[in-house]
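Counting in my numbering, the sequence shown runs from 174 upward without gaps.
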Amino acid sequence: MNILKDIRFSYLLLAIAISSLFYGFYIDEDSAGSGGFILDFNKTWNFVISLKNEMNFLSDEYSIHTPLHYLILSQVLVLTESQNLTRLIYFLGCFSIPFLFYLCLKLRYSRIKKINLIAISSLLFFLPSFRSSIIWPNSSSTALIFFLAFLYFFIVWNKKAKEQRIELNIEIFLQTFFLALAVYTRQYYAYIYVFLIFVYLKNLKFKNFLIVCSFVFLLALPGFYLVLANPKLIVSFDLRFINTILVSSSIISFYLLPIYFLNFLHQKKLNDFFKKFSLNDSLPYFLIIFISIVMISFFDYNYRIGGGFFLKLSRLIFENNILFLITSIIGLSICFNLIKEDKSNLFLILIILLGFSYHMIFQKYFEPMFLFIYLFMINSEIKDNFIKNLNSVYILNLYFIIYLISAILNDTYKITNYLP
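Structure, rendered in structure tokens:
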């Protein structure tokens, strides 16, 4: 009977999530950025029109992102001749994202109950950035489609790679191809290739490794041309890594802290954890705290523009960065744990911590891309145990529902516009 109730509740949760998204489309919701997604859409719409008429994708007037998303949108506009109809078709097409997400979950966590995976899939619909990016066609959601396609073939290939040192197969070329499409939609996905190089070097014979690298180089040639034609694609990089590390780690803690906390509660290991925690175990964490306190002394980020949920909350409640510092320490500690758990996580952690080194770092850059990387690319027993517990997954859904409500309230009343 309990199983039947869980099945009904999971499907009800999914139905509510989907219905809320359709309602969001109906009311032109932009819960993620106080009008940011609407502004991006309107600002780049002339670029879409120009692509429809001239196919001049080298224009640097409208966007600092690679142009594939706008090319696709322009071809939809050719068929519809209507902005609203183009938005609707794009909105419906983006339901492929939760579908692909579920397929990846089913493949990666094949031994976990289907109902748990459906409940995990529902999370997407409560993420403000995901909702806003498909309601107001944005390159971030188009890139997610290609990134999830990459992840699907990466998971298939990775399963084979764990069994034996495999030869070249179609999955390798498909995953690199779909990742290239993601890069030509949002250029920051190029960082994933850095990780892939190490994975391929570890699992492929050197001759096959060179073949794959040559294929990747061919895929990258149009990118070199785009960068030469439009240098704005790379000039937004910022060298203030202290800002980047603190903001990125705080955002990471926003997504992973509830997972770690709920996992500890479910496993009932909090007492065991403190009993076994020795001085040697604590030294790295004291070092993280010390380094974070030193870094916060040099922190000069403009908290009014981006910075993540906890930075805004810290300024709103305490009028200082204390809560932000605590969450940055927690985020860095979680990153250390992930590296300690599996050394192969190091490259991905560094990419996530340093990859968004811009003068403006928005939480929407991480959402939901970081969750996909965590669930499908980072090795961790904690997340595997977490997904097995359906009640924990339900609570995580509630956590993101509260997050969505707070984002909608902020969009409605512009709360963060009055930060001290």
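Note that CB positions come from ideal geometry on N, CA and C, so glycine has one too.
Checklist entry - What residue from L486, D515, D557 has the CA that sits closest to S579's CA? => result Taking the first residue of the sequence shown as 1, we reach residue 579 at position 406. Of L486, D515, D557, the smallest CA-CA separation from S579 is found for L486.
Checklist entry - Leaving out the 5 sequence neighbours to the left and right, which residues in its chain are closer than 7 Å to A334 when beta-carbon positions are compared? => result Locating residue 334 in the sequence shown gives position 161, where the first residue counts as 1. Here the set comprises N376.
Checklist entry - Does the stretch 317 to 335 touch the stretch 287 to 295, meaning 3 or more C-beta pairs lie closer than 8 Å? => result In short, these stretches do not touch, since the Cβ pair count stays below three.
Item to check | At least 3 beta-carbon pairs within less than 8 Å: the stretch 424 to 434 vs the stretch 498 to 514 | outcome: Three or more pairs of CB atoms, one per stretch, sit closer than 8 Å, so the stretch 424 to 434 contacts the stretch 498 to 514.
Checklist entry - For K286, does the three-state DSSP call read helix, strand or coil? => result Looking up residue 286 in the sequence shown gives position 113. Here K286 sits in coil by DSSP.
Checklist entry - Should P301 be listed as close to the ligand SAM, given that the test is whether its C-beta is under 7 Å from any heavy atom? => result Among the components of this structure there are no ligands whatsoever, and the ligand SAM is therefore not found.
Checklist entry - From F346 to E492, what distance separates their C-alpha atoms? => result Within the sequence shown, the letter at position 173 stands for residue 346. Within the sequence shown, the letter at position 319 stands for residue 492. Within the model, the alpha-carbon separation for F346 versus E492 is close to 51 Å.
Item to check | Classification of E202 by the beta-carbon crowding that lies within 10 angstroms, buried from 16 upward | outcome: Looking up residue 202 in the sequence shown gives position 29. Per the 10 Å Cβ criterion, buried.
Checklist entry - Can you tell me where the alpha helix (DSSP H) with H242 in it begins and where it stops? => result On the sequence shown, residue 242 is found 69 positions in, with the first residue counted as 1. In the DSSP assignment, H242 falls within the unbroken alpha helix (DSSP H) covering 241 to 253.
Checklist entry - By Cβ distance below 7 Å, which residues in the same chain neighbour L544 in space, the five residues on each side in sequence not counted? => result The residue given as residue 544 occupies position 371 in the sequence shown. When the five nearest sequence neighbours on each side are left out, the beta carbons in the same chain lying within less than 7 Å of the beta carbon of L544 are those of Y428, in order along the chain.
Checklist entry - Among K561, R359, L297, which has the Cα closest to the Cα of S312? => result Taking the sequence shown and counting its residues from 1, the one referred to as residue 312 is at position 139. Restricting attention to K561, R359, L297, the CA atom closest to the CA of S312 is found in R359.
Checklist entry - By a C-beta neighbour count over all protein chains shown, 10 Å radius and 16 as the cutoff for buried, is T585 buried or exposed? => result By 1-based counting over the sequence shown, the position of residue 585 is 412. So T585 ends up on the exposed side.
Next on the checklist: Please report the straight-line C-alpha distance between T315 and S455, rounded to a whole angstrom.
Outcome noted: One-based indexing of the sequence shown puts residue 315 at position 142. One-based indexing of the sequence shown puts residue 455 at position 282. Near 43 Å, if we compare the C-alpha coordinates of S455 and T315.
Checklist entry - How would you call L467, buried or exposed, if buried means at least 16 neighbouring beta carbons within 10 angstroms? => result Taking the sequence shown and counting its residues from 1, the one referred to as residue 467 is at position 294. The amino acid occupying residue 467 in the given sequence is Val; Leu does not appear at that position. Within a 10 Å sphere around the beta-carbon of V467 sit fewer than 16 other beta-carbons, which makes this residue exposed.
Next on the checklist: Can you look up L399 in the DSSP assignment and give me helix, strand or coil?
Outcome noted: Residue 399 sits at position 226 when you count from the first residue of the sequence shown. For L399, the three-state secondary structure derived from DSSP is helix.
Next on the checklist: Let me make sure I understand the geometry here. Which of E340, F268, T259, L394 has the alpha-carbon closest to that of L383?
Outcome noted: On the sequence shown, residue 383 is found 210 positions in, with the first residue counted as 1. For L383, the closest C-alpha among the options E340, F268, T259, L394 is that of E340.
Checklist entry - By DSSP, does M468 sit in helix, in strand, or in coil? => result Sequence index remark: in the sequence shown, residue 468 carries index 295 (1-based). It is helical.
Next on the checklist: Quick check: the Cα distance between L521 and F368, rounded to an integer number of angstroms?
Outcome noted: Stepping through the sequence shown from its first residue, residue 521 is reached at position 348. Stepping through the sequence shown from its first residue, residue 368 is reached at position 195. One C-alpha to the other measures close to 7 Å.
Checklist entry - Using the C-alpha atoms, what's the distance from N562 back to I200? => result Position 27 of the sequence shown holds residue 200. Position 389 of the sequence shown holds residue 562. In a straight line, the C-alpha of I200 is about 35 Å away from that of N562.
Next on the checklist: For R260, count the other beta carbons within 10 Å of its own beta carbon; 16 or more makes it buried, fewer makes it exposed. Which is it?
Outcome noted: Position 87 of the sequence shown holds residue 260. Its Cβ being crowded by 16 or more others within 10 Å, R260 is buried.
Checklist entry - If you draw a straight line from the alpha carbon of F573 to that of S223, how long is it in whole angstroms? => result Stepping through the sequence shown from its first residue, residue 573 is reached at position 400. Stepping through the sequence shown from its first residue, residue 223 is reached at position 50. Their Cα atoms are separated by approximately 38 Å.
Next on the checklist: Measuring only the C-alpha atoms, how far is Y576 from L412?
Outcome noted: The sequence position of residue 576 within the sequence shown is 403, counting from 1. The sequence position of residue 412 within the sequence shown is 239, counting from 1. In this structure, the straight-line span from the alpha carbon of Y576 to that of L412 is close to 31 Å.
Checklist entry - Helix or strand or just coil, what does DSSP make of H238? => result As a working mapping, residue 238 is identified with position 65 in the sequence shown. Three-state result, H238: coil.
Next on the checklist: According to DSSP, is P431 part of a helix, a strand, or is it coil?
Outcome noted: To locate residue 431, count along the sequence shown from 1; it is residue 258. Shown here, P431 sits in a helix according to DSSP, grouped into three states.
Checklist entry - So, is P301 buried or exposed, given that buried needs 16 or more other C-beta atoms within 10 angstroms? => result On the sequence shown, position 128 is the one that residue 301 refers to. Classification for P301: buried.
Checklist entry - Taking all protein chains shown into account, do 16 or more other C-beta atoms lie within 10 angstroms of the C-beta of Y362, making it buried, or fewer, making it exposed? => result Start at 1 with the first residue of the sequence shown, and residue 362 comes out as number 189. The residue is buried, with at least 16 neighbouring Cβ atoms inside 10 Å.
Checklist entry - Using the C-alpha atoms, what's the distance from K279 back to F535? => result As a position in the sequence shown, residue 535 is number 362, starting the count at 1. As a position in the sequence shown, residue 279 is number 106, starting the count at 1. Take the alpha-carbon of F535 and the one of K279: they are about 30 Å apart.
Next on the checklist: Taking a contact to mean a Cβ-Cβ separation below 8 Å, would you say L435 touches L548 in this structure?
Outcome noted: Taking the sequence shown and counting its residues from 1, the one referred to as residue 435 is at position 262. Taking the sequence shown and counting its residues from 1, the one referred to as residue 548 is at position 375. No, these two residues do not count as a Cβ contact at 8 Å.
Item to check | Local conformation of Y357 per DSSP, three classes | outcome: The residue you call residue 357 lines up with position 184 of the sequence shown. It is coil, neither helix nor strand.
Checklist entry - If you draw a straight line from the alpha carbon of F471 to that of E540, how long is it in whole angstroms? => result In the sequence shown, counting from the first residue as 1, residue 471 sits at position 298. In the sequence shown, counting from the first residue as 1, residue 540 sits at position 367. Their Cα atoms are separated by approximately 27 Å.
Checklist entry - The alpha helix (DSSP H) with A205 in it runs from where to where? => result By 1-based counting over the sequence shown, the position of residue 205 is 32. Following the DSSP letters along the chain, one finds A205 in no alpha helix (DSSP H), marked with neither H nor E.
Next on the checklist: Alpha carbons only, please: which of S183, I191, Y184, A205 is nearest the one belonging to K587?
Outcome noted: Numbered from 1 along the sequence shown, position 414 holds the residue referred to as residue 587. Distances from the alpha-carbon of K587 to those of S183, I191, Y184, A205 put A205 closest.
Checklist entry - DSSP state of W309, grouped into three classes? => result Position 136 of the sequence shown, counted from the first residue, corresponds to residue 309. It is coil, neither helix nor strand.
Checklist entry - Under a Cβ-count criterion, where at least 16 other Cβ atoms within 10 Å of its own Cβ denotes burial, should R281 be classed as buried or exposed? => result Numbered from 1 along the sequence shown, position 108 holds the residue referred to as residue 281. With 16 or more Cβ atoms within 10 Å of its Cβ, R281 is classed as buried.
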